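Reviewing the structure listed below.
There are 2 protein chains.
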Amino acid sequence: MVEFEENHRPLILVTNDDGFDAKGLDVLGQIAGEYGNVVVVAPDEARSGMSNAITVKHPLFIKKISQQKNKIIFKTNGTPVDCVKLALNVLLPRKPDLILSGINHGSNSSSSVHYSGTLGGAREGVLNKIASVGFSLLDYSPEADFSAAQQFVRQIIDKVLQFGLPEETFLNVNIPKGNQLKGVKVCRQAKGKWGEEFVEREDPRKQKYYWLTGTFQNLEPNATDTDEYALANGFVSVVPCRLDITDHSAVDILKQQYSTNSYIKSKSKS
Amino acid sequence: MVEFEENHRPLILVTNDDGFDAKGLDVLGQIAGEYGNVVVVAPDEARSGMSNAITVKHPLFIKKISQQKNKIIFKTNGTPVDCVKLALNVLLPRKPDLILSGINHGSNSSSSVHYSGTLGGAREGVLNKIASVGFSLLDYSPEADFSAAQQFVRQIIDKVLQFGLPEETFLNVNIPKGNQLKGVKVCRQAKGKWGEEFVEREDPRKQKYYWLTGTFQNLEPNATDTDEYALANGFVSVVPCRLDITDHSAVDILKQQYSTNSYIKSKSKS
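In structure tokens form, the structure reads like this:
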């Protein structure tokens, strides 16, 4: 279990899905250090697209990478969600005040929120009643330039520390690349999908295999209240995301469907 | 690409996260065969807890396991989401009429929906505009008894084929174990969390390692409109789940927070 000398400072957990040596994680850890004591727990290699996956088939190891006065860095062989679970259950001396995930190298807007390991880490935080934010920069390069993004990351941390977040809600923050950022837009998740295209290859034994690739498609390009619109127009998008994914309006519709006696009909099939 | 002789029948894709040889998948495939031509695409081994994870770091292989007149079974080295993507992009001759995932060996109620590979498969279906349902039985045993569950699986498939589902909504169906099932309750996802407890061990080189385990906690035990309540009282729970996870009520709250000029404040920190 970690300990800090100045233990009155806020305790901030930082994770990501690009791995412990990613530039975006380093930037986020440095910014977090301006606000409190920082524990970084990150995957030992890139775990992109891991969503909320947990590791149940093999055990998890934790290794300390470095220790400074106000920042300790660990890596694990787990997913981002595993990293948060290990931090909360094994490493941290108390519940952290804030969980920050990222800064991801690449967009996590629209429906990508469902696949993102970065957002998996943030979701796990809120499941444990801790204010949590996932940050992503729209630049997949390992050498991406985070300099313009930093002031917005600070602005959002300021707001979360000042106002807190609604219970059961985490933030999905995406930041355009480039230096001409216009400000922050709070918005909703755009409807979008990946036009999946697998690249087909053949191995030396003539077996076909497939690499996942794909192109994102915004399914509501004319809507102006979405994260996709904000990002396309130079704004940082902030989408508050729920833990409760129940479609409450559908509950009543379905209740009516199930109130009719189709039980007999279905039974006659068996 | 697969072909069926009787190609006027509905086309149903079946997947799961317990693997191609799980009993629950076999049961679901058989029921699906009563309604149409069935293509099963399932992981080559158990991929529990994989959520919406996708495979980006290695290529995917597909192997045909068996072919009957109206049912073809494939396994892949991917996650449930990968299985659906491969089916839609590589294997199926057309968009399927229905995607069924499961029947999972073990519960996926409440917040488990976020970790479940079974539900990942269903979510991927709806992302592709296909009516999709995930089924789980509250029995982790590989030899679980699905006999009482089957009539409810049929009832739900009947309803989905008759009424369709709201756009962007999939169903999370959980079924109690035992033979005393009382009926179907359409309900909402209970607030719940896993009290994570890692089992700590030591390897021969004296390195500590951790196995993920945990106990589920229903955070609203007195609510009567939740899936947890339905299941505890002998009902099959049906929760309609949204793709849009935006917390729409929080959008307005956050907009107000971000309308004040804290930009200057945050900038002064850098």
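In order, the protein sequence lines correspond to chains A and B.
Sequential numbering from 2 applies to the first sequence in the numbering used here.
Sequential numbering from 2 applies to the second sequence in the numbering used here.
Glycine is no exception: its CB is placed at the ideal position from the N, C-alpha and C atoms.
Since the structure is predicted, the reported quantities are computational estimates derived from the model, not experimental observations.
(message) Considering only their Cβ atoms, is the gap separating B:Leu-120 from B:Pro-13 smaller than 9 angstroms?
(response) Walking along the second sequence from the start, residue 13 of chain B turns up at place 12. Walking along the second sequence from the start, residue 120 of chain B turns up at place 119. First, the amino acid is wrong: residue 13 of chain B is Ile here, not Pro. Their beta carbons are not under 9 angstroms apart, which means B:Ile-13 does not touch B:Leu-120 by this criterion.
(request) May I ask you to list, following chain order, the residues of the region 208 to 223 of chain A that have a beta carbon less than 7 angstroms from some beta carbon of chain B? (result) Listed by position along the chain: Gln-208, Tyr-210, Tyr-211, Trp-212, Leu-213.
(request) Grab the span of the beta strand (DSSP E) containing B:Leu-12 for me, first residue to last. (result) Within the second sequence, residue 12 of chain B is the residue found at index 11, counting from 1. DSSP places B:Leu-12 inside the beta strand (DSSP E), whose first and last residues are 12 to 16.
(message) Strictly by DSSP, which residues pair up with B:Gln-68?
(response) Within the second sequence, residue 68 of chain B is the residue found at index 67, counting from 1. Note: B:Gln-68 sits in a beta bridge opposite B:Ile-73.
(message) Starting from B:Cys-84, trace the alpha helix (DSSP H) in both directions and tell me its first and last residue.
(response) As a working note, residue 84 of chain B is residue 83 in the second sequence. Per DSSP, B:Cys-84 belongs to the alpha helix (DSSP H) from 81 to 87.
(message) What are the residues in the region 94 to 108 of chain A lying within 9 angstroms of chain B by C-beta distance?
(response) Residues passing the 9 angstroms Cβ filter: none.
(message) Below 8 angstroms on the Cβ atoms is my contact criterion, and I expect A:Glu-4 with A:Pro-94 to pass it. Report the Cβ-Cβ distance as a whole number of Å.
(response) The count along the first sequence starts at 1 and reaches residue 4 of chain A at position 3. The count along the first sequence starts at 1 and reaches residue 94 of chain A at position 93. A:Pro-94 and A:Glu-4 do touch by the CB rule: their CB atoms are close to 6 angstroms apart, below 8 angstroms.
(message) Under 9 angstroms, Cβ to Cβ, is there at least one residue of chain A near B:Asn-180?
(response) One-based indexing of the second sequence puts residue 180 of chain B at position 179. B:Asn-180 is outside the set of residues whose beta carbon lies under 9 angstroms from a beta carbon in chain A.
(message) Please identify the residue among A:Lys-64, A:Ala-233, A:Gly-50 whose C-alpha is closest to the C-alpha of B:Gln-208.
(response) The sequence position of residue 208 of chain B within the second sequence is 207, counting from 1. If we check each option's Cα against that of B:Gln-208, A:Lys-64 comes out closest.
(message) Looking at chain B, is there any beta carbon in it that lies within less than 9 angstroms of the beta carbon of A:Asp-19?
(response) Looking up residue 19 of chain A in the first sequence gives position 18. Taking Cβ atoms only, chain B never reaches closer than 9 angstroms to A:Asp-19, which makes this a no.
(message) The alpha helix (DSSP H) that contains A:Val-3, what's its start and end?
(response) The count along the first sequence starts at 1 and reaches residue 3 of chain A at position 2. Per DSSP, A:Val-3 belongs to no alpha helix (DSSP H) and is neither H nor E.
(message) Is the beta carbon of B:Phe-236 closer than 9 angstroms to that of B:Leu-182?
(response) Translated into the one-based positions of the second sequence, residue 182 of chain B becomes position 181. Translated into the one-based positions of the second sequence, residue 236 of chain B becomes position 235. Yes, they are a contact pair.
(request) Rank A:Lys-70, A:Ala-88, A:Ile-32, A:Gly-50 by C-alpha distance to the C-alpha of A:Ala-43 and give the top, closest one. (result) Numbered from its first residue, the first sequence carries residue 43 of chain A at position 42. The shortest C-alpha separation from A:Ala-43 is found at A:Ala-88.
(message) Rounding to the nearest angstrom, what Cα-Cα distance links A:Glu-1 and A:Gly-179 in this structure?
(response) Nothing can be reported for residue 1 of chain A: it is not among the residues displayed for chain A, which extend from 2 to 271.
(request) Name the residue from A:Val-161, A:Val-252, A:Asn-234 whose alpha carbon lies nearest to the alpha carbon of A:Asn-223. (result) Translated into positions along the first sequence, residue 223 of chain A becomes position 222. Among A:Val-161, A:Val-252, A:Asn-234, the Cα nearest to that of A:Asn-223 belongs to A:Asn-234.
(request) Flag B:Phe-62 as yes if its beta-carbon sits less than 9 angstroms from any beta-carbon of chain A, otherwise no. (result) Along the second sequence, one-based indexing puts residue 62 of chain B at 61. Interface residue, yes.
(message) For B:Pro-167 and A:Lys-256, what's the separation of their Cα atoms in angstroms?
(response) Taking the first residue of the second sequence as 1, we reach residue 167 of chain B at position 166. Taking the first residue of the first sequence as 1, we reach residue 256 of chain A at position 255. Each residue's CA atom was taken as its position, placing B:Pro-167 and A:Lys-256 some 13 angstroms apart.
(request) Check whether the Cβ of B:Asp-83 lies closer than 9 angstroms to any Cβ atom in chain A. (result) As a first step, residue 83 of chain B must be located in the second sequence, where it is residue number 82. Yes - at least one Cβ of chain A is within 9 angstroms of the one on B:Asp-83.
(request) For the beta strand (DSSP E) holding B:Arg-202, just list the boundary residues, first then last. (result) Taking the second sequence and counting its residues from 1, the one referred to as residue 202 of chain B is at position 201. Here the beta strand (DSSP E) through B:Arg-202 covers 199 to 203.
(request) Find the nearest neighbour of B:Ser-250 within the set A:Thr-247, A:Ala-251, A:Arg-243, judged by alpha-carbon distance. (result) Here residue 250 of chain B refers to the residue found at position 249 of the second sequence. Put simply, of A:Thr-247, A:Ala-251, A:Arg-243 the residue whose alpha carbon is nearest the alpha carbon of B:Ser-250 is A:Arg-243.
(message) Starting from B:Gln-163, trace the alpha helix (DSSP H) in both directions and tell me its first and last residue.
(response) One-based indexing of the second sequence puts residue 163 of chain B at position 162. Counting along the chain, the unbroken alpha helix (DSSP H) around B:Gln-163 starts and ends at 151 to 164.
(message) Pop quiz: B:Ser-1 and B:Asp-228 are said to be a contact at Cβ under 8 angstroms. What is the actual Cβ separation, rounded to whole angstroms?
(response) There is no way to answer for residue 1 of chain B, as the model of chain B reaches only from 2 to 271.
(request) Measure from the C-beta of B:Gln-69 to each C-beta in chain A and report whether the shortest distance is under 9 angstroms. (result) What you label residue 69 of chain B is simply residue 68 of the second sequence in a count that begins at 1. Not an interface residue.
(request) Starting from A:Ile-63, follow its DSSP beta bridges and name the residues at the other end. (result) Within the first sequence, residue 63 of chain A is the residue found at index 62, counting from 1. Here A:Ile-63 is bridged, per DSSP, to A:Thr-77.
(message) Please state whether the Cβ-Cβ distance between B:Ile-55 and B:Thr-80 is less than 9 angstroms.
(response) Against the second sequence, residue 55 of chain B aligns to sequence position 54. Against the second sequence, residue 80 of chain B aligns to sequence position 79. The answer is yes: Cβ separation under 9 angstroms.
(request) Pick out the complete beta strand (DSSP E) segments inside the region 221 to 261 of chain A, 3 residues or longer, and give them in chain order. (result) DSSP runs (the beta strand (DSSP E)) wholly in the region 221 to 261 of chain A: 236 to 243.
(message) Considering Cα atoms alone, identify which of A:Val-114, A:Val-185, A:Leu-139, A:Ala-191 is closest to A:Asn-173.
(response) On the first sequence, residue 173 of chain A is found 172 positions in, with the first residue counted as 1. Sorting A:Val-114, A:Val-185, A:Leu-139, A:Ala-191 by C-alpha distance to the C-alpha of A:Asn-173 places A:Val-114 at the top.
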